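Below is one structure, written out as structure tokens; the observations come after it.
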Amino acid sequence: MTSLAFGLTLGTYLAFCGAAVALILAPGPDTMYVLARGLDGRESGVRSAFGIATGVLFHTSLAALGVAALFRAVPEAATALQYVGAAYLVYLGVVALRNDEFDPSVENQRGASFRRGVLVNALNPKVALFFLAFLPGFASRSSGAGVQMAFLGATYAVLTALYLSVVALGADRLGTALAETRVTSALNYVGAGTMLLLGIVLALE
1 MTSLAFGLTL GTYLAFCGAA VALILAPGPD TMYVLARGLD GRESGVRSAF
51 GIATGVLFHT SLAALGVAAL FRAVPEAATA LQYVGAAYLV YLGVVALRND
101 EFDPSVENQR GASFRRGVLV NALNPKVALF FLAFLPGFAS RSSGAGVQMA
151 FLGATYAVLT ALYLSVVALG ADRLGTALAE TRVTSALNYV GAGTMLLLGI
201 VLALE
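Here the sequence shown is numbered in my numbering, starting from 1 and rising by one per residue.
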């Protein structure tokens, strides 16, 4: 079989990419957050997309280092982080309702969307558990498994950034087309309401 970097075979890598694309295309909190931010503008949406992708790298590091196993061994740790993540989503929903995403008094204007994107993904323990279960299935059981998982996780992050950037750009075009209409205001409320609902659902699960 054709070998790639770090001992991965081409077949394994292509299988991983296919599975990753299928999972990335499934709508979830990350997509909804980028969609909502994209309605505010292209820069906000794309920065959010790259923030989410950076959160993916964070979870990849946890899985590669084996730290994510803590969530399986100590359920209370995962539960605590779940509540933190839920509270943060509710906070984002409230911020969106107040329409101060770009208010310099709240956060640095340029970095706010990126940092929030990172936290939306990084504070989701289910993502950590998912990567702990998903990545090892495509890595060998050799001493280089950690490096392989890091490489696969980086690939997942790149694919995530590309897809969510497209979502952000599409949302921006929609927002521009609907500028200065009541529909735009309604969509902003829908985006904010979605984040609030996601936070509540996450807290109750």
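All C-beta atoms, glycine included, are put in the ideal place defined by N, C-alpha and C. On a predicted model such as this, the values are computed, not experimentally measured, just so you know.
Within its chain, find whatever has a CB closer than 6 Å to the CB of residue i; leave out the 5 residues flanking it on each side and keep chain order.
i    : result
A171 : L35, G38, L39 and G45
E168 : Position check: residue 168 holds Ala in this sequence, whereas Glu was assumed. Answer for A168: V34, G38, G45, V46 and A49, listed in chain order.
A139 : A145, Q148 and M149
L197 : none
S113 : R37, S44, R47 and S48
E101 : In this prediction, E101 has a pLDDT of 48, which is less than 50 and means its spatial position is unreliable; nothing more can be read from the coordinates.
Y163 : I24
Suppose the cutoff is 7 Å on Cβ atoms and the five residues either side in sequence are ignored; what does the same chain contact list for residue i look like?
i    : result
N121 : D30, I52, G55, V56 and V127
A26  : none
F58  : A122
S61  : none
Assuming residue i and residue j form a contact by the criterion Cβ under 8 Å, report the distance between their Cβ atoms to the nearest whole angstrom.
i    : j    : result
R206 : G153 : Residue 206 is absent from the model: the chain starts at 1 and stops at 205.
L132 : I24  : Not a contact, Cβ separation roughly 18 Å.
A20  : Y156 : 5 Å
Could you name the residues of the same chain whose beta carbon sits closer than 8 Å to that of residue i, not counting the 5 residues immediately before and after it, in chain order?
i    : result
L65  : G146
P104 : Since pLDDT at P104 reaches only 40, below the 50 mark, its modelled position is unreliable, and no value is offered.
C17  : T155 and L159
I200 : A86 and V90
Look at the Cβ atom of residue i, then the Cβ atom of residue j, and state whether they are nearer than 8 Å.
i    : j    : result
A161 : F50  : yes
F7   : G137 : For the sequence presented, residue 7 should be read as Gly rather than Phe. Contact flag unset, no.
L123 : V84  : yes
A22  : L135 : no
Check residue i in the structure and name its three-state DSSP category.
i    : result
D103 : The predicted model places D103 with a pLDDT of 45, which falls under 50 and marks its position as unreliable; any figure quoted below should be read in that light. Three-state DSSP puts D103 in coil, outside helix and strand.
A20  : helix
Would you check whether the ligand SAM has a heavy atom nearer than 7 Å to the C-beta of residue i?
i    : result
L123 : Judged by which ligands are present, the structure shown has none, so any question about the ligand SAM falls away.
Counting only runs that start and end within the stretch 28–70, where is the alpha helix (DSSP H) found for 4 or more residues in a row?
-> 29–38 and 42–65
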